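Peer 1:
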Amino acid sequence: MVNEEDHLRLQVLVSGLALEAAWSLVDRLDEDLGQELPYAYDHELGFLTSCPTNVGTGLRASVLIHLPGLVLTKEIGRVLRGLSQVGLTFRGLYGEGSEVVGNFFQVSNQTTLGKTEEDLVDHLDRMVRQVIEYERRERRVLLRDAYQVTEDKIWRAYGLLRYARSISFEEMMNLLSGVRLGAALKLLPGLRVYSLNKIMIFAQSAHLEEAAGRKLPPGECDVHRATYVRRILATEGVVIPDKEPPQSGSDAVPDP
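In full-length UniProt numbering, the protein residues as written are 1 to 256.
#1: Can you tell me which of Thr227, Trp155 and Tyr194 puts its alpha carbon nearest to the alpha carbon of Leu175?
#2: Exposed or buried, Pro38, counting other C-beta atoms within 10 Å across all chains shown (16 or more means buried)?
#3: In chain order, what residues of the same chain have a beta carbon less than 8 Å from the beta carbon of Phe47, not counting five sequence neighbours either side?
#4: Between which residues of its own chain and Leu233 is the CB-CB distance below 7 Å, once the five residues before and five after are set aside?
#5: Given this structure, state the Cα-to-Cα distance separating Leu19 from Gly69, to the nearest angstrom.
#6: Quick one: Cα of Leu124 to Cα of Asn109, how far?
#7: Check whether the stretch 128 to 147 and the stretch 60 to 78 are in contact - that is, three or more C-beta pairs closer than 8 Å.
#8: My parser needs the beta strand (DSSP E) runs of 3 or more residues fully inside the stretch 7 to 88; what are they?
#9: Alpha carbon to alpha carbon, how far is Glu151 from Glu138?
#10: Does DSSP put Gly178 in a helix, in a strand, or in coil?
#11: What is the DSSP secondary structure of Gly159, counted as helix, strand or coil?
#12: If we count the other Cβ atoms within 10 Å of its Cβ and call it buried at 16 or more, is Glu135 buried or exposed?
#13: Name, in chain order, the residues that DSSP records as bridge partners for Arg91.
#14: In angstroms with no decimal places, state the Cα-to-Cα distance between Phe90 and Val12.
#15: Locate the alpha helix (DSSP H) running through Glu220, then write down its first and last residues.
#16: Helix, strand or coil for Val2, going by three-state DSSP, please let me know.
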């Protein structure tokens with residue numbers, strides 16, 4: 001990105017928890033451009049950026065992570081406070097200034113001064129893996145202590161997405177969060193996370209307008225969104241399980 005918050009921003013996005021791979025790619029690009037462009041650099045402070053909070057390495061490493069278990073068990077506040085105490089921060093789906101939607105949190109380093117890029121990436125990676133373990137633990141708690149409530153919430157979310165005739169982006173994202181949780185817990189057999197990711201991207205307003213070939217008023221956009229979601233979910237072979245729920249504390253509770 002040119003002339004955004006800083007004069008030049010290099011950005012690499014990769015799927016999965018692959019911070020090292022992303023850093024390797026953007027570092028190589030930075031080295032190549034640095035041979036041609038006169039970066040503003042101070043040997044004591046590091047890179048001099050337009051935004052003072054980016055001075056130093058200029059590196060902002062982020063991980064977008066889905067944390068419905070922590071939200072449903074009301075443990076998310078404690079975890080987010082813990083992140084702030086170790087130099088990390090969180091943002092919403094679209095980064096700085098955006099709200100958290102669909103239980104997606106963007107976790108990133110808060111400071112760029114006084115540490116190397118490798119240290120920042122390694123620290124974020126270790127902390128995010130710890131958060132993932134907290135999330136897995138809370139999902140097990142949901143299955144153990146609130147199986148029927150959780151299952152009902154997931155299937156209600158799927159039913160609304162599967163048959164709604166009009167739906168806003170925010171409502172869709174919140175329902176997708178429940179369905180995504182259901183897919184991870186094997187409570188919605190046959191549903192692929194790939195399809196949910198596809199919905200999350202292509203059901204956004206600009207994509208719907210591109211598909212329609214014209215500008216869509218908000219109400220009509222919601223109708224187009226619902227139509228798109230129904231079409232994608234109709235291709236998924238979701239199986240309605242015919243089984244008794246596991247008893248509390250049973251060994252039948254799966255590990256997500």
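Think of the CB as a built atom: it goes at the ideal place given N, C-alpha and C, for glycine as much as any other residue.
This one's a predicted model, so the numbers in the text were calculated from it and none came from an experiment.
Peer 2: With the structure as the only source:
#1: What you label residue 175 is simply residue 175 of the sequence shown in a count that begins at 1. Out of Thr227, Trp155 and Tyr194, Trp155 has the C-alpha closest to the C-alpha of Leu175.
#2: Here residue 38 refers to the residue found at position 38 of the sequence shown. It counts as exposed.
#3: Reading the sequence shown from its first residue, position 47 is the one you call residue 47. Around Phe47: Tyr39, Ala40, Tyr41, Asn54, Val55, Gly56, Thr57 and Gly58.
#4: Position 233 of the sequence shown, counting from 1, holds the residue named residue 233. These residues qualify, in order along the chain: Leu161 and Arg162.
#5: One-based indexing of the sequence shown puts residue 19 at position 19. One-based indexing of the sequence shown puts residue 69 at position 69. Rounded to the nearest angstrom, the two C-alpha atoms are 23 Å apart.
#6: In the sequence shown, counting from the first residue as 1, residue 124 sits at position 124. In the sequence shown, counting from the first residue as 1, residue 109 sits at position 109. Those two C-alpha atoms are separated by around 7 Å.
#7: yes
#8: 62 to 66
#9: The residue labelled residue 151 in the question sits at position 151 within the sequence shown. The residue labelled residue 138 in the question sits at position 138 within the sequence shown. In a straight line, the C-alpha of Glu151 is about 15 Å away from that of Glu138.
#10: Taking the first residue of the sequence shown as position 1, residue 178 is located at position 178. If DSSP states are grouped into helix, strand and coil, Gly178 belongs with the helices.
#11: Reading the sequence shown from its first residue, position 159 is the one you call residue 159. DSSP places Gly159 in helix when its eight states are reduced to three.
#12: Within the sequence shown, residue 135 is the residue found at index 135, counting from 1. Glu135 is buried by the Cβ-count criterion.
#13: On the sequence shown, residue 91 is found 91 positions in, with the first residue counted as 1. DSSP, once it has assigned bridges, lists Gln106 as partnering Arg91.
#14: Within the sequence shown, the letter at position 90 stands for residue 90. Within the sequence shown, the letter at position 12 stands for residue 12. Answer to the nearest angstrom: the Cα atoms are 19 Å apart.
#15: Within the sequence shown, residue 220 is the residue found at index 220, counting from 1. Taken as a continuous stretch (DSSP letters only), the alpha helix (DSSP H) holding Glu220 covers Pro218 to Ala234.
#16: Working through the sequence shown from its first residue, we reach residue 2 at position 2. Of the three classes helix, strand and coil, the one that applies to Val2 here is strand, per DSSP.
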